[in-house]
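Student: Next up is a structure, given as structure tokens.
Protein chains: 4
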Amino acid sequence: MNNLTKSSEKIIIAGPCALESRQQLQQSVKTLAPMGVSMIRASLWKPRTQPGWEGLGWMSLPLLLEETLPFGVVPATEILTAEHALMVVHALEQYGQDAKMIVWLGSRNQNHLEQRKISKILATGPEGITFMFKNQMWDCERHWLGICEHILSEGFPRERLMICHRGFSPGKVPNPKGLRNLPDYEMAMKIKEKTGLPMILDPSHIGGTRENVMDICMNSLAYDFDGYLIEAHCDPHKAKTDANQQLTPNLLQDLLQHVRGPSYKSVSA
Amino acid sequence: MNNLTKSSEKIIIAGPCALESRQQLQQSVKTLAPMGVSMIRASLWKPRTQPGWEGLGWMSLPLLLEETLPFGVVPATEILTAEHALMVVHALEQYGQDAKMIVWLGSRNQNHLEQRKISKILATGPEGITFMFKNQMWDCERHWLGICEHILSEGFPRERLMICHRGFSPGKVPNPKGLRNLPDYEMAMKIKEKTGLPMILDPSHIGGTRENVMDICMNSLAYDFDGYLIEAHCDPHKAKTDANQQLTPNLLQDLLQHVRGPSYKSVSA
Amino acid sequence: MNNLTKSSEKIIIAGPCALESRQQLQQSVKTLAPMGVSMIRASLWKPRTQPGWEGLGWMSLPLLLEETLPFGVVPATEILTAEHALMVVHALEQYGQDAKMIVWLGSRNQNHLEQRKISKILATGPEGITFMFKNQMWDCERHWLGICEHILSEGFPRERLMICHRGFSPGKVPNPKGLRNLPDYEMAMKIKEKTGLPMILDPSHIGGTRENVMDICMNSLAYDFDGYLIEAHCDPHKAKTDANQQLTPNLLQDLLQHVRGPSYKSVSA
Amino acid sequence: MNNLTKSSEKIIIAGPCALESRQQLQQSVKTLAPMGVSMIRASLWKPRTQPGWEGLGWMSLPLLLEETLPFGVVPATEILTAEHALMVVHALEQYGQDAKMIVWLGSRNQNHLEQRKISKILATGPEGITFMFKNQMWDCERHWLGICEHILSEGFPRERLMICHRGFSPGKVPNPKGLRNLPDYEMAMKIKEKTGLPMILDPSHIGGTRENVMDICMNSLAYDFDGYLIEAHCDPHKAKTDANQQLTPNLLQDLLQHVRGPSYKSVSA
């Protein structure tokens, strides 16, 4: 049983693609927490196809924790390297062994030595750390399963491990709706079954546009995803990254009503 | 003008997928050098889809240099991390600033921070180091160009940089001949033109079987590749990795006669 | 000519032994800057004889810069490792190539490989970085000179390098006044001459008590030190480290009147 | 009970200061093993007061193991950094969990963060690793004890930990016999008692000359040292480091007869 799936409710991790400023994070928490979003993404480190803005990085890791943990909100960020993992562990330790955080390994991070170093470091960190790995960029079931094997081989505990499907790079595969990445729901369900781990869906990187993101979420309801990782920004047009696919708070509100299972009880209720 | 393309001859890098033993390397040099193969691959570090044999690693880096450089042969290996780059630089320095070596970045190594760290380290190493980067696993021209930008942004000199096309993961794209990876010769030529860098073909990872490797090489002659990176093993059936796609010395000999341009003068002539 | 000794005035670096909180630093800047102290020490990382409080560390590096640079004050901290050097360089870069900072290598950090790694990293950082190395813990002129050679061998520029004498561990040498460490003013002057670098005195680690610190400063006036590194705390009794030797602002004020040369012009004048 | 002190015999670690070549090590093993020396030092990494020859380094770590372990001899080397510790662990693992090795932390390596990183890495390595720490360069009981606390705080097991007294830097302390470093036998015995760990004596760095080394050993017999770390070279005049203090095999033979307790049974008997 995974730490985050003890209840029958869907896991919802939502928030801006990247952390941009203290004010942006404060506004995100203020807006999303009342919707019952208790896990807020705001990535510190951004993988880059070309040289460009790389996120606020380690210098804002204290900020990320300061503006979430004291408010009962769990922060979530991608990490790219073993150094990032060491910093996350060290910073979270200041908040005690019960402090919670979600960190994930991105789709381009397919160097198994780095994957293993990261896993080993996180395995020794506070038990409140949940580790999530996304599928790799290319369509291959065996490789995706392999990431899981590498992570487990370093002793990272299953109870704190999750998977996320963010679609595969389309390449030359037909793509009539112009999705940014192509989902393979069946493969995701097969991986979920084989690994016994919770499977989250990232509709944002699949959709690429707000309209597509909404559609993808609707389509996904036919499958048993354990939760969703959704990009949402209080002012998407000003977002430094992924401006087209970040939902407004209103759109997120709509979407949550659909993806939350019938067991969901409103926080305000 | 790149260090390795000063002559009009094709660049030929051939040899076993992985370094397996001193004896195996000695035999490879003894067999391939007389065919005019002056750059011999024998990888020390292997990316792994699942936990398994990872190559002989740094402990055999001294061996790799001892059994090639004194015989006028240039060793070639993949490197996976910044630590590997540091070791290669340090070990090669023992042979002086003129010592030559080829190191490459593999297709799964798409963490731009690691790419940049590696590039920075290699840039400060002996000038005899040629750095080659392969295309990423998934079909995307923009990402492939991006690797080049990341590497150059760290000051790695163009004159010692090469690119290698090793095909893209097939995923759900039709693949009637069962190739291990799908080539995109047009994209490779476009990248060659845009970057101004030599473009090498790796028919071994595209073909996946000896027969396919031979075919791919024949097909590639219609394009202006600057050279070839070919897996060849004196006893392929005993190879620890990629046993099906490593050529025998005889097959390699045949293939070289085809891919070498008319300007090639036999070493024995 | 060193960046910090262009004027004929003594270099004064004063402030708390360790950074303890944002408020403590704000108060230090507010109190010391009006005394003409434009370089304020507040160490992030503390070498420890036994396991204990290690300083606020990298998580407070952003704070150290935020509360000094915008107020025209140059922050100063000890660094212990190459990782610390990388962070300092990265953090300072956010403030531009003109941003100034002083970092020093402590007396127990006598692993020449680490010294060289740190020097190499700092050499590539913003030109506003001044690097200072203290003498080692034990009394040995040759070793002290050797630190300088190791640093310069990595290309760190002389114009940004300073030395600091903090006394030698007394061991079994007679020590009637109970100094924490024994000064060797003659050796310091010899090293100053041989290296051609500015020589700073750290009376705090020599004295060990406020009274001794004042005496040491008076004694030192007979020698040509280029400046002073002095521990001063707005509330020394509450200091987390070195409580006995940190001066009150009033004592520092007195001391500065003595050590500042006749060429000093009061900032308020 | 420490792994190396199960018998009542003195622990003898002898051999060249630094590993210089395969031939030198082969000759050392051939000469010393028949004297009953089953632990042979031959350091790979040398701390340097000034830039100079730094030892053969990681490239010869495979050699060090190849020429000792298969002959039933335990290799011993100083390590300077966490990278060295990682390499030692990785290399020794190739010889199985029973393979034995002695590594030590030198007297200048007093950065507690590096000490802790090294300890943590070694703690996870093969159980055959014995870790030894020397006293720091300067005369201070509290600091020496602190090293032990730092090491144990990272979970390094007591059963595989030893201490070595190599004397303190003389500085301005009277030194009529011109010893290279001054011993404090009483302090060594106190530290032995307080920590409960075996205490080895390094007469070579105390003596500085062959004559002094012999004298120091004789003097030490009045104290309960658990063993000796002695520099011995088959051709001391050609040694690359510490030429004056390395014993010839004949002198070592003499010395061993004195320091070995009455319980020692000759291997040839």
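Residue numbers (my numbering), protein chains in the order written: chain Y, 1148 to 1416; chain X, 1148 to 1416; chain B, 1148 to 1416; chain W, 1148 to 1416. Glycine included, C-beta positions come from ideal geometry on N, C-alpha and C.
In angstroms, rounded to a whole number, what distance separates the CA positions of Ala-1232 of chain X and Gln-1244 of chain Y?
Tutor: As a position in the second sequence, residue 1232 of chain X is number 85, starting the count at 1. As a position in the first sequence, residue 1244 of chain Y is number 97, starting the count at 1. In a straight line, the C-alpha of Ala-1232 of chain X is about 37 Å away from that of Gln-1244 of chain Y.
Student: For the stretch 1283-1347 of chain X, list the beta strand (DSSP E) runs that are entirely contained and at least 3 residues long, ordered along the chain.
Tutor: Within the stretch 1283-1347 of chain X, the complete beta strand (DSSP E) runs of at least 3 residues are 1308-1312.
Student: Quick one: residues in its chain with C-beta nearer than 8 Å to the C-beta of Glu-1358 of chain B, no 5 flanking neighbours on either side, listed in chain order?
Tutor: Here residue 1358 of chain B corresponds to residue number 211 of the third sequence, with the count starting at 1. Counting only Cβ-Cβ distances below 8 Å, and skipping sequence neighbours, we find nothing.
Student: Please confirm if Arg-1305 of chain W has its CB atom under 9 Å from at least one CB of chain B.
Tutor: As a working mapping, residue 1305 of chain W is identified with position 158 in the fourth sequence. For Arg-1305 of chain W, the answer is no, since every Cβ of chain B falls outside 9 Å of its Cβ.
Student: Is the shortest distance between the beta-carbon of Asn-1391 of chain X and the beta-carbons of chain Y less than 9 Å?
Tutor: Residue 1391 of chain X sits at position 244 when you count from the first residue of the second sequence. Not one chain Y Cβ lies under 9 Å of Asn-1391 of chain X.
Student: What three-state label does DSSP hand Gln-1404 of chain B in the structure shown?
Tutor: Here residue 1404 of chain B corresponds to residue number 257 of the third sequence, with the count starting at 1. The answer is helix: DSSP assigns Gln-1404 of chain B an H, G or I state.
Student: Residues of chain X with CB closer than 7 Å to the CB of Thr-1196 of chain Y, please, in chain order.
Tutor: Here residue 1196 of chain Y corresponds to residue number 49 of the first sequence, with the count starting at 1. In chain order: Arg-1289, His-1290, Gly-1293.
Student: CB Ile-1347 of chain Y to CB Met-1279 of chain Y, shorter than 9 Å?
Tutor: Here the question's residue 1347 of chain Y lines up with position 200 in the first sequence. Here the question's residue 1279 of chain Y lines up with position 132 in the first sequence. Contact: yes.
Student: Taking buried to mean at least 16 other C-beta atoms within 10 Å of its own C-beta, is Ala-1416 of chain B buried or exposed?
Tutor: Looking up residue 1416 of chain B in the third sequence gives position 269. Caution applies to Ala-1416 of chain B, whose pLDDT of 41 falls short of 50 and renders its modelled position unreliable; the model cannot decide the point.
Student: Does chain W have any CB closer than 9 Å to the CB of Trp-1285 of chain X?
Tutor: In the second sequence, residue 1285 of chain X corresponds to position 138, counting from 1. With 9 Å as the cut-off, Trp-1285 of chain X does not count as an interface residue toward chain W.
Student: Take Leu-1418 of chain X and list the residues in its own chain whose beta-carbon comes closer than 6 Å to its own, dropping the five residues that flank it on each side.
Tutor: Residue 1418 of chain X lies beyond the residue range present for chain X, which begins at 1148 and ends at 1416; the question has no answer from this structure.
Student: With DSSP as the reference, identify every bridge partner of Lys-1281 of chain Y, one or two as the case may be.
Tutor: The residue given as residue 1281 of chain Y occupies position 134 in the first sequence. Beta-bridge pairing links Lys-1281 of chain Y to Y:Cys-1311.
Student: Tell me the DSSP secondary structure of Asn-1391 of chain X in three-state form.
Tutor: Within the second sequence, numbered from 1, the residue matching residue 1391 of chain X stands at position 244. Of the three classes helix, strand and coil, the one that applies to Asn-1391 of chain X here is coil, per DSSP.
Student: Could you give the DSSP three-state label for Leu-1376 of chain Y: helix, strand or coil?
Tutor: As a first step, residue 1376 of chain Y must be located in the first sequence, where it is residue number 229. Looking at Leu-1376 of chain Y - three-state DSSP - the assignment turns out to be strand.
Student: Please name the residue, chosen from W:Ile-1338, W:Glu-1333, W:Gly-1374, that lies closest to Pro-1417 of chain W on a Cα-to-Cα basis.
Tutor: Lying before the first or after the last residue shown, residue 1417 of chain W is absent from chain W, which here runs from 1148 to 1416.
Student: When the Cβ atoms of the stretch 1169-1188 of chain X are set against those of the stretch 1373-1391 of chain X, are three or more pairs found closer than 8 Å?
Tutor: The stretch 1169-1188 of chain X vs the stretch 1373-1391 of chain X: in contact.
Student: Can you tell me whether DSSP reads Trp-1192 of chain X as helix, strand or coil?
Tutor: As a position in the second sequence, residue 1192 of chain X is number 45, starting the count at 1. Trp-1192 of chain X falls in the coil class under three-state DSSP.
Student: Should Glu-1333 of chain X be flagged as near chain W, meaning a C-beta pair shorter than 9 Å?
Tutor: Looking up residue 1333 of chain X in the second sequence gives position 186. No - not a single Cβ of chain W is within 9 Å of the one on Glu-1333 of chain X.
Student: Does the stretch 1261-1268 of chain B come within contact of the stretch 1323-1335 of chain B, defined as at least 3 CB pairs closer than 8 Å?
Tutor: No, the stretch 1261-1268 of chain B is not in contact with the stretch 1323-1335 of chain B.
Student: Compute the Euclidean distance between the alpha carbons of Asn-1391 of chain B and Ile-1160 of chain B, then round it to the nearest angstrom.
Tutor: The count along the third sequence starts at 1 and reaches residue 1391 of chain B at position 244. The count along the third sequence starts at 1 and reaches residue 1160 of chain B at position 13. So the alpha carbons of these two residues sit roughly 19 Å apart.
Student: Would you say Lys-1157 of chain W lies against chain B (beta-carbon separation less than 9 Å)?
Tutor: Locating residue 1157 of chain W in the fourth sequence gives position 10, counting from the first residue. With 9 Å as the cut-off, Lys-1157 of chain W does not count as an interface residue toward chain B.
Student: What separation, rounded to the nearest whole angstrom, lies between the Cα atoms of Leu-1299 of chain X and Leu-1344 of chain X?
Tutor: In the second sequence, the residue the question calls residue 1299 of chain X occupies position 152. In the second sequence, the residue the question calls residue 1344 of chain X occupies position 197. Cα to Cα, the separation comes out at about 12 Å.
Student: Could you pull the start and end residues of the alpha helix (DSSP H) that Met-1248 of chain W belongs to?
Tutor: The residue you call residue 1248 of chain W lines up with position 101 of the fourth sequence. Here Met-1248 of chain W belongs to no alpha helix (DSSP H); instead the beta strand (DSSP E) covers 1248-1252.
Student: Which residues of the stretch 1246-1264 of chain Y have a Cβ closer than 7 Å to any Cβ of chain X? Give them in chain order.
Tutor: Result list: Arg-1255, Asn-1256, Gln-1257, Asn-1258, His-1259, Leu-1260, Glu-1261.
Student: List the residues of chain W that His-1297 of chain B touches, going by C-beta distances under 7 Å, in chain order.
Tutor: Numbered from 1 along the third sequence, position 150 holds the residue referred to as residue 1297 of chain B. The contacting residues are Pro-1198.
Student: What three-state label does DSSP hand Glu-1454 of chain Y in the structure shown?
Tutor: Because chain Y in this structure spans residues 1148 to 1416, residue 1454 of chain Y falls outside the shown range and cannot be described.
Student: Taking Gly-1162 of chain Y as the reference, which of Y:His-1259, Y:Glu-1214, Y:Leu-1179, Y:Arg-1169 has the closest Cα?
Tutor: Along the first sequence, one-based indexing puts residue 1162 of chain Y at 15. Here the closest residue by C-alpha is Y:Leu-1179.
Student: For a test of the three-state rule: what should DSSP assign to Gly-1275 of chain X, helix, strand or coil?
Tutor: Mapped onto the second sequence, residue 1275 of chain X falls at position 128. It is coil, neither helix nor strand.
Student: Quick check on DSSP: helix, strand or coil for Ala-1369 of chain B?
Tutor: Position 222 of the third sequence, counted from the first residue, corresponds to residue 1369 of chain B. Looking at Ala-1369 of chain B - three-state DSSP - the assignment turns out to be coil, as it is neither helix nor strand.
Student: I'd like the list of long-range same chain contacts for Leu-1166 of chain Y, defined as Cβ closer than 8 Å, with 5 residues on each side in sequence excluded.
Tutor: Looking up residue 1166 of chain Y in the first sequence gives position 19. Leu-1172, Ala-1189, Ser-1190, Leu-1191, Gly-1202, Leu-1203, Ser-1207, Leu-1210, Leu-1211, Thr-1224.
Student: Please classify Arg-1289 of chain B: is it buried, with 16 or more other beta-carbons within 10 angstroms of its beta-carbon, or exposed?
Tutor: Locating residue 1289 of chain B in the third sequence gives position 142, counting from the first residue. So Arg-1289 of chain B counts as exposed.
Student: Nearest-angstrom Cα distance between Ala-1229 of chain Y and Glu-1261 of chain Y?
Tutor: By 1-based counting over the first sequence, the position of residue 1229 of chain Y is 82. By 1-based counting over the first sequence, the position of residue 1261 of chain Y is 114. Whole-angstrom Cα-Cα distance: 7 Å.
Student: The alpha helix (DSSP H) that contains Ala-1270 of chain Y, what's its start and end?
Tutor: Along the first sequence, one-based indexing puts residue 1270 of chain Y at 123. Residues 1259-1270.
Student: Tell me which residue opens and which closes the alpha helix (DSSP H) that Gly-1354 of chain B is part of.
Tutor: By one-based count along the third sequence, residue 1354 of chain B stands at place 207. Element bounds for Gly-1354 of chain B: 1350-1354.
Student: Could one say the Cβ of Glu-1201 of chain Y lies closer than 9 Å to chain B's Cβ atoms, at least one of them?
Tutor: By 1-based counting over the first sequence, the position of residue 1201 of chain Y is 54. Answer no: the Cβ-Cβ gap between Glu-1201 of chain Y and chain B never drops below 9 Å.
Student: What residues from chain W crowd round Phe-1315 of chain B, counting only those whose CB sits closer than 7 Å?
Tutor: For the purposes of this step, residue 1315 of chain B is taken as residue 168 along the third sequence, with counting starting at 1. Neighbours of Phe-1315 of chain B on chain W, chain order: Gly-1318.
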